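Residues 79 to 337 in the numbering used here are what the sequence shown lists, from first letter to last. The C-beta atom is built at its ideal place from N, Cα and C for all residues, glycine as well. Computed from a predicted structure; not experimentally measured.
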Amino acid sequence: MALEYVLSEKNKYMLIYHGFLHVKEREHDNKTYWKCSEYKKIHCKGRLHVVDDKITKFIEHNNHVPNAAKIEAKKVISILKKNASQTTLSTHSVLGNAVMQVTSAVSAEMSSINTLKRTIQRVRQKEEAAPANPSNFEFIIPDQYRYNSNGELFLKFDSGPTESRILIFTTQQNLDFMSECDNWFCDGTFSVAPPIFAQLYTIHGVCYSNVIPSVYVLLPDKKEKTYRHMFEILKSLKNNMLGATSHPKKKFTEIEQLK
Ligand SMILES: [Zn+2]
Numbered sequence: 079m080a081l082e083y084v085l086s087e088k089n090k091y092m093l094i095y096h097g098f099l100h101v102k103e104r105e106h107d108n109k110t111y112w113k114c115s116e117y118k119k120i121h122c123k124g125r126l127h128v129v130d131d132k133i134t135k136f137i138e139h140n141n142h143v144p145n146a147a148k149i150e151a152k153k154v155i156s157i158l159k160k161n162a163s164q165t166t167l168s169t170h171s172v173l174g175n176a177v178m179q180v181t182s183a184v185s186a187e188m189s190s191i192n193t194l195k196r197t198i199q200r201v202r203q204k205e206e207a208a209p210a211n212p213s214n215f216e217f218i219i220p221d222q223y224r225y226n227s228n229g230e231l232f233l234k235f236d237s238g239p240t241e242s243r244i245l246i247f248t249t250q251q252n253l254d255f256m257s258e259c260d261n262w263f264c265d266g267t268f269s270v271a272p273p274i275f276a277q278l279y280t281i282h283g284v285c286y287s288n289v290i291p292s293v294y295v296l297l298p299d300k301k302e303k304t305y306r307h308m309f310e311i312l313k314s315l316k317n318n319m320l321g322a323t324s325h326p327k328k329k330f331t332e333i334e335q336l337k
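Quick look at the structure:
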């Protein structure tokens with residue numbers, strides 16, 4: 079039988095077994111050690127060892143009984159949170175759907191209606207709010223910020239979590255357009271870059287008299303080496319990007335110099 083999990087209030091996995099809840103203690107090789115979720119409160123010695131999704135050892139819970147209602151309440155809250163994040167139903171409806179068939183034993187294990195309403199609102203605010211500005215280069219970019227609204231990949235390049243991190247945002251269509259332009263205008267903006275980056279570098283393609291911003295790059299500094307690296311990456315994203323053969327006259331013009 080597959081192991082059954084439920085999410086805690088803090089979105090951590092809890093393992094359900096014989097009516098008891100367990101939280102992860104540690105992992106070693108392919109073995110995971112779980113301890114009773116009440117270990118702190120009542121010093122319960124209940125433990126589980128799991129290898130390849132199978133329980134290999136169960137140490138009895140010594141000073142409490144299983145609580146099915148508590149587990150059921152956690153499951154209801156999990157569903158409530160999921161519906162809050164994945165549906166556009168009103169707070170009232172999300173709450174109604176979640177608690178509709180709950181027994182009185184289960185509802186006794188649940189928070190008050192007002193607390194549940196706040197949980198729904200909190201989940202939704204978190205979904206809508208953009209993540210905070212990162213304080214170092216070791217951040218992960220959520221999928222919703224990697225793709226544009228058409229579902230196309232927009233984060234075309236990410237050098238990874240290093241001090242010299244470079245992020246290039248553009249689409250394939252923009253790269254195709256850029257490779258057809260004889261001139262590019264490039265401009266570094268320093269004030270709008272997130273704090274850990276030195277600048278937001280924008281590359282515009284010039285088509286007839288139109289100047290179209292097509293590539294946005296977050297750069298860690300203003301060194302020549304970094305600019306060279308960035309153009310090397312762009313070249314690798316699109317064949318003939320810098321068109322040595324097809325566009326011999328292609329020039330780069332720093333907008334700053336034009337002003
Ligand atoms: Zn226990």
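query: Nearest CA to the CA of G266: which residue from V84, D130, P291 and K148?
result: As a working note, residue 266 is residue 188 in the sequence shown. Comparing Cα-Cα distances from G266 to each of V84, D130, P291 and K148, the minimum goes to P291.
task: Would you tell me roughly how many angstroms separate the C-alpha atoms of N226 and L81, rounded to the nearest one?
output: In the sequence shown, residue 226 corresponds to position 148, counting from 1. In the sequence shown, residue 81 corresponds to position 3, counting from 1. Roughly 37 Å separates the two Cα atoms.
query: Under a three-way DSSP split, which group does M319 fall into?
result: Start at 1 with the first residue of the sequence shown, and residue 319 comes out as number 241. Residue state for M319 is assigned as coil, using DSSP reduced to three classes.
- prompt: Leaving out the 5 sequence neighbours to the left and right, which residues in its chain are closer than 6 Å to Y91 when beta-carbon positions are compared?
  reply: As a position in the sequence shown, residue 91 is number 13, starting the count at 1. Y83.
task: Compute the distance between the beta-carbons of S237 and I274, then report whether it is under 8 Å.
output: In the sequence shown, residue 237 corresponds to position 159, counting from 1. In the sequence shown, residue 274 corresponds to position 196, counting from 1. Going by C-beta atoms, S237 is not nearer than 8 Å to I274.
Backbone CA spacing between K88 and D107 [nearest angstrom]: Here residue 88 is taken as the residue at index 10 of the sequence shown, counted from 1. Here residue 107 is taken as the residue at index 29 of the sequence shown, counted from 1. If you draw a straight line from the Cα of K88 to the Cα of D107, it is about 26 Å long.
field: V142: CB within 7 Å of a non-hydrogen atom of ligand 1
entry: Counting from 1 along the sequence shown, the entry for residue 142 is found at position 64. Per the sequence shown, residue 142 should be read as His rather than Val. Inclusion of H142 in the 7 Å shell around ligand 1 follows from its C-beta lying nearer than that to a non-hydrogen atom of the ligand.
task: Taking the CB atoms as reference points, tell me whether S185 and V172 lie closer together than 8 Å.
output: By one-based count along the sequence shown, residue 185 stands at place 107. By one-based count along the sequence shown, residue 172 stands at place 94. Pairing S185 with V172 gives a Cβ-Cβ distance that is not under 8 Å.
field: Buried versus exposed, by CB contacts within 10 Å (16 or more), S115
entry: Within the sequence shown, residue 115 is the residue found at index 37, counting from 1. Counting Cβ neighbours within 10 Å, S115 comes out buried, since at least 16 surround it.
message: With a threshold of 6 Å on Cβ separation, who are the neighbours of P272 within its own chain once the five nearest residues in sequence on each side are excluded?
response: Position 194 of the sequence shown, counting from 1, holds the residue named residue 272. Scanning its chain for C-beta atoms nearer than 6 Å, with the 5 sequence neighbours on each side dropped, one finds around P272 the residues N211, in chain order.
- prompt: CA-CA distance, D130 and H100?
  reply: What you label residue 130 is simply residue 52 of the sequence shown in a count that begins at 1. What you label residue 100 is simply residue 22 of the sequence shown in a count that begins at 1. Straight-line Cα distance between these residues: approximately 17 Å.
- prompt: With a Cβ-Cβ cutoff of 8 Å, do Y111 and E103 count as a contact?
  reply: Within the sequence shown, numbered from 1, the residue matching residue 111 stands at position 33. Within the sequence shown, numbered from 1, the residue matching residue 103 stands at position 25. A contact, by the Cβ cut-off of 8 Å.
- prompt: Expressed to the nearest angstrom, what Euclidean distance is found between the alpha-carbon atoms of F215 and K152?
  reply: For this step, residue 215 is matched to residue 137 along the sequence shown. For this step, residue 152 is matched to residue 74 along the sequence shown. In this structure, the alpha-carbon of F215 lies about 36 Å from that of K152.
- request: May I ask you to check if the CB of E82 is nearer than 7 Å to at least one heavy atom of ligand 1?
  value: Residue mapping note: residue 82 aligns to position 4 of the sequence shown, counting from 1. No, the Cβ of E82 stays beyond 7 Å of every heavy atom of ligand 1.
query: Are K199 and T169 touching if we call contact CB-CB under 8 Å?
result: One-based indexing of the sequence shown puts residue 199 at position 121. One-based indexing of the sequence shown puts residue 169 at position 91. It is worth fixing the name first, because residue 199 is Gln in this sequence and not Lys. For the 8 Å CB-CB criterion, Q199 and T169 form a contact.
task: Tell whether a beta-carbon distance below 8 Å holds between Y294 and T280.
output: If you number the sequence shown from 1, residue 294 lands on position 216. If you number the sequence shown from 1, residue 280 lands on position 202. Taking 8 Å as the cut-off, the Cβ atoms of Y294 and T280 count as close.
- request: Give the range of the beta strand (DSSP E) segment to which N261 is assigned.
  value: Taking the first residue of the sequence shown as position 1, residue 261 is located at position 183. That run of the beta strand (DSSP E) goes N261 to T267.
field: Neighbour-count burial assignment, K132, 16 or more Cβ in a 10 Å radius
entry: Indexing the sequence shown from 1 puts residue 132 at position 54. Classification of K132: exposed, given that the 10 Å Cβ count is below 16.
- prompt: Do L253 and A276 have their C-beta atoms within less than 8 Å of each other?
  reply: Counting from one through the sequence shown, the residue named residue 253 turns up at place 175. Counting from one through the sequence shown, the residue named residue 276 turns up at place 198. No, Cβ-Cβ distance for L253 and A276 is not below 8 Å.
task: State yes or no: is the C-beta of K234 within less than 8 Å of the C-beta of F247?
output: By 1-based counting over the sequence shown, the position of residue 234 is 156. By 1-based counting over the sequence shown, the position of residue 247 is 169. In this structure, F247 lies closer than 8 Å to K234 by Cβ.
query: Just to confirm, does E150 get its C-beta within under 7 Å of one of the non-hydrogen atoms of ligand 1?
result: On the sequence shown, residue 150 is found 72 positions in, with the first residue counted as 1. Incorrect: E150 has no Cβ contact closer than 7 Å to ligand 1.
- prompt: For N288, which beta-bridge partners are listed by DSSP?
  reply: Position 210 of the sequence shown, counted from the start, is the residue given in the question as residue 288. The beta-bridge partner set that DSSP reports for N288 consists of C285.
query: What's the call for I70, buried or exposed, on a 16-neighbour Cβ count within 10 Å?
result: No answer is possible for residue 70: it lies beyond the span of the chain, which begins at 79 and ends at 337.
query: Closer than 7 Å: is that where the CB of F136 sits relative to any heavy atom of ligand 1?
result: Along the sequence shown, one-based indexing puts residue 136 at 58. Outside the cutoff, so no.
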